[in-house]
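All remarks here apply to the structure that follows.
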Amino acid sequence: MVKHRRPAVPVAAQWNNMQYQADQLIQLPPELRTQFDTLEQRLWWVDTLIAATGACCGVLLSYALVFVSDRFWDTPTLLRLLLMAAGLGVAAWFLYGWLRLWVFQRRDSRALATLVQKHHRRLGDRLLGIVELADERQRPANVSAALCRAAIAQVTREAVKCDFRTAVATRKPKLYCLGTVVLALLVLAPFIFAPEAGANALARWIWPVSSTPRFTFVNLSNLPDRLVVPHGEPFELGCGVAAKPPWQPAEGRCQFDDQPVITSPIRKDRILFKIPAQTKPGILKLSVGDIRRKVQIEPTHRPQLRQLHATLSLPDYLQYGEQKQEVRNGRLSAVEGS
1211 MVKHRRPAVP VAAQWNNMQY QADQLIQLPP ELRTQFDTLE QRLWWVDTLI
1261 AATGACCGVL LSYALVFVSD RFWDTPTLLR LLLMAAGLGV AAWFLYGWLR
1311 LWVFQRRDSR ALATLVQKHH RRLGDRLLGI VELADERQRP ANVSAALCRA
1361 AIAQVTREAV KCDFRTAVAT RKPKLYCLGT VVLALLVLAP FIFAPEAGAN
1411 ALARWIWPVS STPRFTFVNL SNLPDRLVVP HGEPFELGCG VAAKPPWQPA
1461 EGRCQFDDQP VITSPIRKDR ILFKIPAQTK PGILKLSVGD IRRKVQIEPT
1511 HRPQLRQLHA TLSLPDYLQY GEQKQEVRNG RLSAVEGS
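Using my numbering, the final residue of the sequence shown is 1548, and nothing's skipped along the way.
Structure representation (structure tokens):
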């Protein structure tokens, strides 16, 4: 009977195979992996909440600034464009931060161990050390597999007693959530109490380069763009006032160039400003509620009588035709019967 012998395996190959099997056995225990998985899940929720609320805060704050700005003046196109771009830029920045942490540069076990190490000081560097021992790429060469497994087991017994989830800071997401709620209420208020104003500001924010006119709660009527006034004499300027709830102003203000502000009450849907004497042209700026208007003021001298002539028809017996005579000092002398 012929017996077949198995081919001999070189001693070096046997040693490498045994060493490979030993390396394969150096792994983190399942209970420690569960701890890291729980920590990673908690981090995912916190990072997602921060990204979502941060993006919402940026967009809501951008819109709120446009709405508030429109209440004081006709927000320029460039400023509206910058506010919209800033809001969307903040949202994109938070989105990129989330993608960087969970797609492009996702945390490995070493990063998770470093995070736990900062919170659970008693573990010290040991948790990070066993994570490096379990990683073949970071494990020192010629290290005993038995010693590695013993060290991992010892640190694991202490680590499983700690709740890794407490290493995740929750103060920042709470602040972002609070800010989102406050901004959402502020943005929602105009749509509840003044839907026309809210919708108008939203349209001007979404498309800042459009020619959508600004909504105002107050409108002024019978107000000229240019007014000629007597030179060096006080004058008055009045106009009608139509206000929509909830903005019901009780008074208005005006200012001529850099002179002191003049305040006047609104009575029976009209307002009358009494302006002091002016000698130079300028701009009169009016402010009533949320509307702003400008009137060009042009002081002009009153017309004066420079010359006066009279046409005289003398009596027939004089046999003179019509004559023109200058009137001086307001008096005219003529023959009786003229």
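Glycine residues also receive a C-beta, built at the ideal position from the N, C-alpha and C atoms.
Remember, it's a predicted structure, so these values are computed and weren't measured experimentally.
Classify Val1276 as buried or exposed, calling it buried when 16 or more other Cβ atoms lie within 10 Å of its own Cβ.
Per the 10 Å Cβ criterion, buried.
Going by the CB atoms, is the gap between Val1438 and Ile1481 shorter than 7 Å?
Taking 7 Å as the Cβ cut-off, Ile1481 and Val1438 do not qualify as a contacting pair.
Which term fits Gln1488, buried or exposed, when burial requires 16 or more other beta carbons within 10 angstroms of its beta carbon?
Gln1488 is buried by the Cβ-count criterion.
DSSP on Val1471, reduced to helix/strand/coil?
Residue state, collapsed to three classes: coil.
Use the C-beta contact count for Ile1402: other C-beta atoms within 10 angstroms, 16 or more gives buried, fewer gives exposed.
Ile1402 comes out exposed.
Going by the beta-carbon positions, is the gap between Thr1521 and Glu1532 smaller than 7 Å?
The answer is yes: Cβ separation under 7 Å.
For Cys1449, which beta-bridge partners are listed by DSSP?
For Cys1449, which the question treats as bridged, DSSP gives the partners Ile1481.
Can you tell me which of the three DSSP states Asn1539 falls into?
Of the three classes helix, strand and coil, the one that applies to Asn1539 here is coil, per DSSP.
Cβ atoms of Thr1258 and Pro1418: under 7 Å apart, would you say?
Their beta carbons are not under 7 Å apart, which means Pro1418 does not touch Thr1258 by this criterion.
For Gln1245, which residues from the same chain have a beta carbon less than 6 Å from its beta carbon, with the 5 sequence-adjacent residues on both sides left out?
So the list reads Phe1374, once near-sequence residues are dropped.
Could you tell me which uninterrupted beta strand (DSSP E) segments, each at least 3 residues in length, are contained entirely in the region 1246-1313, listed from first to last along the chain?
Qualifying beta strand (DSSP E) stretches: none in this window.
Tell whether a beta-carbon distance below 7 Å holds between Gln1465 and Lys1495.
Yes, the Cβ-Cβ distance between Gln1465 and Lys1495 is below 7 Å.
Run through DSSP, which three-state label would Pro1444 get?
Here Pro1444 sits in coil by DSSP.
How far does the alpha helix (DSSP H) with Leu1322 in it reach, from first residue to last?
Looking at the DSSP string, the run of the alpha helix (DSSP H) that includes Leu1322 is Ser1319 to His1329.
For Arg1367, is the classification buried or exposed, using 16 other Cβ atoms within 10 angstroms of its Cβ as the cut-off for buried?
Counting Cβ neighbours within 10 Å, Arg1367 comes out exposed, since fewer than 16 surround it.
Where Asn1410 and Asp1479 are concerned, what is the direct C-alpha to C-alpha distance, given to the nearest angstrom?
Near 25 Å, if we compare the C-alpha coordinates of Asp1479 and Asn1410.
Give me, in chain order, the residues of the same chain whose beta-carbon lies closer than 6 Å to that of Asp1280; leave out the 5 immediate sequence neighbours on both sides.
Excluding sequence neighbours, Asp1280 sits near Ala1411 and Arg1424.
Considering only the beta carbon of each residue, do Gly1268 and Ala1321 sit closer than 7 Å?
Contact flag unset, no.
By the three-class DSSP mapping on this structure, what secondary structure does Ala1404 have?
Coil.
For the candidate residues Gly1547, Leu1528, Ile1260 and Pro1525, whose alpha-carbon lies nearest to that of Thr1390?
Ranking the options by Cα distance to Thr1390, first place goes to Ile1260.
Which two residues bound the contiguous beta strand (DSSP E) that contains Gly1547?
Element bounds for Gly1547: n/a, residue is neither H nor E.
Grouping DSSP H, G and I as helix and E and B as strand, with all else coil, what is Pro1455?
It is coil, neither helix nor strand.
Nearest-angstrom Cα distance between Lys1315 and Leu1289?
Residue identity differs from the one stated: residue 1315 is Gln in this sequence, not Lys. Going by the C-alpha atoms only, they are around 36 Å apart.
If you draw a straight line from the alpha carbon of Leu1458 to that of Gly1264, how long is it in whole angstroms?
According to the sequence shown, residue 1458 is Gln rather than Leu. The straight-line gap from Cα to Cα measures roughly 36 Å.
Whose C-alpha, out of Asn1432, Lys1490 and Arg1516, is nearest the C-alpha of Glu1508?
For the residues Asn1432, Lys1490 and Arg1516, the minimum Cα distance to Glu1508 belongs to Lys1490.
Helix, strand or coil, according to DSSP, for Thr1521 in the structure here?
DSSP places Thr1521 in strand when its eight states are reduced to three.
Which residues bound the beta strand (DSSP E) around Glu1532?
Neither: Glu1532 is in no beta strand (DSSP E) and is coded neither H nor E.
Candidates Asn1432, Arg1317 and Ser1420: which alpha carbon is nearest Leu1291's?
Out of Asn1432, Arg1317 and Ser1420, Ser1420 has the C-alpha closest to the C-alpha of Leu1291.
Can you tell me where the beta strand (DSSP E) holding Ser1497 begins and where it ends?
Ser1497 -> beta strand (DSSP E) spans Gly1492 to Val1498.
Buried or exposed: Leu1395, going by 16 or more other Cβ atoms within 10 Å of its Cβ?
Burial call: exposed.
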